[in-house]
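Student: Sharing a structure with you now.
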Amino acid sequence: MTVALALFWLLGGVRPLAAVVTFVLGVLAFAIVPGMQTRVLTTAGAAPTLAVAVNASGFQLAAALAGWLGGTIIDGPGLRSISLVGAVLTSAGLAVAVYILRRDRARTAPAPGLRTRRSAAR
142 MTVALALFWL LGGVRPLAAV VTFVLGVLAF AIVPGMQTRV LTTAGAAPTL AVAVNASGFQ
202 LAAALAGWLG GTIIDGPGLR SISLVGAVLT SAGLAVAVYI LRRDRARTAP APGLRTRRSA
262 AR
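Per the numbering used here, the very first residue in the sequence shown carries number 142; after that it's consecutive.
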């Protein structure tokens, strides 16, 4: 998504390429949702309905903030800068996701010296 937004910033003035990048952005935006919902449900514990509701509320809040931020950007640096700011924000989101995944893997990693099925098979 970050790369597609950066490409849109670079190629936005070329209409056929902008149309292709817009299509790719749409596909990527919808492709992200199932993985995020799965993550929410697998970490929800005993309250999956509440977790999905909070997740949906977060999306709605993000949509409202995006409208405000987009208007602020258009008033400032201009319309073309929106996709560049989007690329920066998605990079920040990716960094947070990588941090969370690494943290979760570290929590579930076996203790040093502990034999697992995988290490026993070697």
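We put the beta carbon where it would ideally sit given N, CA and C, even for glycine. Keep in mind it's a predicted model, so treat the numbers as computed, not measured.
Please report how far the alpha carbon of I215 lies from the alpha carbon of L169, in whole angstroms.
Tutor: Locating residue 215 in the sequence shown gives position 74, where the first residue counts as 1. Locating residue 169 in the sequence shown gives position 28, where the first residue counts as 1. In a straight line, the C-alpha of I215 is about 24 Å away from that of L169.
Student: Since A147 contacts A228 with CB under 8 Å, what's their CB separation in whole angstroms?
Tutor: Translated into the one-based positions of the sequence shown, residue 147 becomes position 6. Translated into the one-based positions of the sequence shown, residue 228 becomes position 87. Correct: roughly 4 Å between the Cβ atoms.
Student: In the DSSP assignment, find the alpha helix (DSSP H) that holds A188 and state where it starts and stops.
Tutor: Taking the sequence shown and counting its residues from 1, the one referred to as residue 188 is at position 47. A188 -> no alpha helix (DSSP H), and no H or E assigned at all.
Student: Determine the direct distance from the alpha carbon of T184 to that of F164, and round the result to whole angstroms.
Tutor: Within the sequence shown, numbered from 1, the residue matching residue 164 stands at position 23. Within the sequence shown, numbered from 1, the residue matching residue 184 stands at position 43. F164 and T184 have their alpha carbons spaced roughly 31 Å apart.
Student: Which same chain residues end up closer than 7 Å to L230 when comparing Cβ atoms and leaving out the 5 residues on each side of it in sequence?
Tutor: What you label residue 230 is simply residue 89 of the sequence shown in a count that begins at 1. Hits under 7 Å: none found.
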